[in-house]
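My numbering puts the last residue of the sequence shown at 315; the count rises by one with no breaks.
Idealized CB from N, CA, C, for every residue including glycine.
The structure displayed is predicted, hence computed values, not measured ones.
Worksheet for the structure shown next.
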Amino acid sequence: MANVLTFDLGGTYIKYGLIDTEGHILHKNFMQTPSTLEDLLMFIKSKVLTYTNKEMKGIAVSAPGSVSEDGFIYGSSAIPYIHGPNIKHLIEKETGLATQVENDANCVGLAEVWKGSAKGKKDVCVVVIGTGIGGALIKNGIVHKGNTLHGGEFGYMILNPHNLSSGMNTFSEVASTYSIIKRVASEKQLEISSLTGEKIFTLADQGDKVCERAISEFITMLSIGIYNIQYALDPEIILIGGGISARDDLLLRLRKEIDRVVGMVDVATIVPRVDRCTFHADANMIGAVYHFLQRQKND
């Protein structure tokens with residue numbers, strides 16, 4: 017069975033591994049992200065040599081930013097040198113292997129459609145909850161990027177129209193893990209750096225009313241965002257990802273709040289079907305491979 021050499025580019029670390037065409041991870045590891053493009057290309061080439069005795073179909077890359085089909089990565093990220101040059105062509109030139117690049121949140125969605133919680137479904141939305149809100153929109157089994165490569169960028173949606181530019185208006189600002197931290201830090205007059213999402217959930221479990229209220233507000237805003245996505249795009253399922261999605265109580269509370277929100281809108285009859293992503297740390301690599309296979313099949 018042929019394999020795909022896969023890289024997940026992050027601001028601090030690069031995850032890499034060898035994955036077969038059925039989505040099985042044969043080997044994986046990580047290293048600190050190189051400081052220059054030249055070092056990144058040298059590292060990728062060194063991994064090709066490491067796996068030289070394995071049958072490789074090519075290279076799949078998950079990356080931050082708006083990725084065009086021809087290999088340019090627009091926007092900005094914690095890896096500034098990947099924005100500008102044609103990363104796809106540079107890797108192909110350096111390694112001699114066919115290469116495909118895709119946005120990291122889109123890779124999460126593709127992983128779920130291929131082997132995860134959305135397997136067998138065609139129209140799927142993924143909401144990745146972290147410092148901000150990332151997203152992916154899958155239409156008819158493939159990523160929908162839109163006219164300006166912003167398809168699925170749900171984090172930009174305005175959920176709170178009051179005091180625009182106040183820092184608590186967009187989906188990312190009011191329904192991310194960071195939004196919980198900002199609410200608690202503001203009310204308790206603490207430094208944001210002194211708090212984490214995990215710590216706030218622990219305090220809430222211990223009866224801290226400020227933390228309980230911040231989490232409740234977060235869940236309400238997340239529910240409203242999911243409601244909007246459902247009625248704008250009408251997917252078969254909406255999946256939530258990110259570290260916070262692993263909490264069993266979150267999914268239960270989210271579903272209950274969505275029911276409440278839908279019940280408050282007289283004309284609303286569709287309740288979004290919500291579940292959580294199957295894959296976590298490995299999602300980007302698995303999804304990148306599926307994207308590679310889709311592109312190779314269509315080319």
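A buried status is given to Pro251, since no fewer than 16 other beta-carbon atoms sit within 10 Å of its beta-carbon. Here Asp36 is bridged, per DSSP, to Asn19. Classified as buried, Val117 has 16 or more neighbouring CB atoms from the shown chains inside 10 Å of its CB. In this structure Gln222 is exposed. Its beta-carbon is surrounded by fewer than 16 other beta-carbon atoms within 10 angstroms. Contact between Leu270 and Ile235 holds: their C-beta atoms lie close to 6 Å from each other, under 8 Å. The C-beta distance from Ala299 to Gly257 rounds to 7 Å, short enough to fall under 8 Å. Here the C-alpha atom of Cys123 lies approximately 15 Å from the C-alpha atom of Ile254.
With a cutoff of 8 Å on beta-carbon distance, Gly171 and Val129 are scored as not near each other.
Thr236 carries a helical assignment under DSSP once its states are collapsed to helix, strand and coil. In the DSSP assignment, Ser78 falls within the beta strand (DSSP E) that extends over Met72 to Ala79.
A direct Cα-Cα distance of roughly 40 Å separates Ile89 from Ala220.
Apart from the 5 residues on each side of it in sequence, Val278 sits with its Cβ closer than 7 Å to the Cβ of Tyr243, Ala284 and Val287 in its chain, given in chain order. Under DSSP, Gly257 forms a beta bridge with Val144.
Excluding its 5 nearest sequence neighbours in each direction, His43 has C-beta neighbours in its own chain below 6 Å: Gly33 and Leu34, listed in chain order. Under the three-state reduction of DSSP, His307 is assigned to helix.
In the displayed model, Asn163 falls within coil according to three-state DSSP, outside both helix and strand. Residue pairing by DSSP places Leu25 opposite Ile30 in a beta bridge. The Cβ atoms of Ile75 and Thr28 do not sit closer than 8 Å to each other. Close CB contacts of Asn176 within its chain, under the 7 Å cut and outside five residues either way in sequence, are with Met184, Asn185 and Val190 (chain order). Of all C-beta pairs linking the stretch 44–61 to the stretch 92–105, three or more are shorter than 8 Å, placing the two stretches in contact.
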